[in-house]
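Undergrad: Sequential numbering of the sequence shown, starting at 1, is according to the UniProt record's numbering. Ideal placement from N, C-alpha and C gives every residue a C-beta, glycine not left out. Remember, it's a predicted structure, so these values are computed and weren't measured experimentally. Dropping the structure in here first, questions after.
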Amino acid sequence: MLIAYYELLPQAYLLVPAHDPTTSELPLAWQLRCAMRSGKRAVWVDCRLLHTLSATAIRLLHACHRRLQRQQAQLVLCHVPARLAHSAALAELYLAPTYEEAAALQRAQAG
Numbered sequence: 001m002l003i004a005y006y007e008l009l010p011q012a013y014l015l016v017p018a019h020d021p022t023t024s025e026l027p028l029a030w031q032l033r034c035a036m037r038s039g040k041r042a043v044w045v046d047c048r049l050l051h052t053l054s055a056t057a058i059r060l061l062h063a064c065h066r067r068l069q070r071q072q073a074q075l076v077l078c079h080v081p082a083r084l085a086h087s088a089a090l091a092e093l094y095l096a097p098t099y100e101e102a103a104a105l106q107r108a109q110a111g
């Protein structure tokens, strides 16, 4: 998986992965680790460039989700394509169609 973009926003750490069959999941693992160490209350993963998620990527997202929950923070998947949003593998994760809804979810969790 290729990391197309990442940014430290005022309210979250934004990560935009893209599917690349020629690379491993190491870039995703590295960026999730950086995101978890950023001190932000949320990590937003924009999934609009993804057509599929490997089993390894799903395990990484779940591990990040659990660790952030222990830190009183959250992982939110944004712009998830419909074919991925209905996957049982993502059922326990927070999904938001837009960044605005991800921010609203973050405010609701904090309050």
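1. Going by C-alpha distance, which of Gln11, Leu95, Tyr6 is nearest alanine 18?
2. Give me the Cα-Cα distance between leucine 26 and alanine 57, rounded to the nearest whole angstrom.
3. Output the distance between the C-alpha atoms of glutamine 31 and alanine 82, rounded to the nearest integer angstrom.
4. Is DSSP giving proline 21 helix, strand or coil here?
5. Valine 43 to threonine 22, Cα distance in whole Å?
TA: Per the coordinate set shown:
1. Looking at Gln11, Leu95, Tyr6, the one whose alpha-carbon comes closest to that of alanine 18 is Tyr6.
2. Cα-Cα distance, rounded: 9 Å.
3. Distance between glutamine 31 and alanine 82, taken at the CA atoms: about 24 Å.
4. Here proline 21 sits in coil by DSSP.
5. Cα to Cα, valine 43 sits roughly 25 Å from threonine 22.
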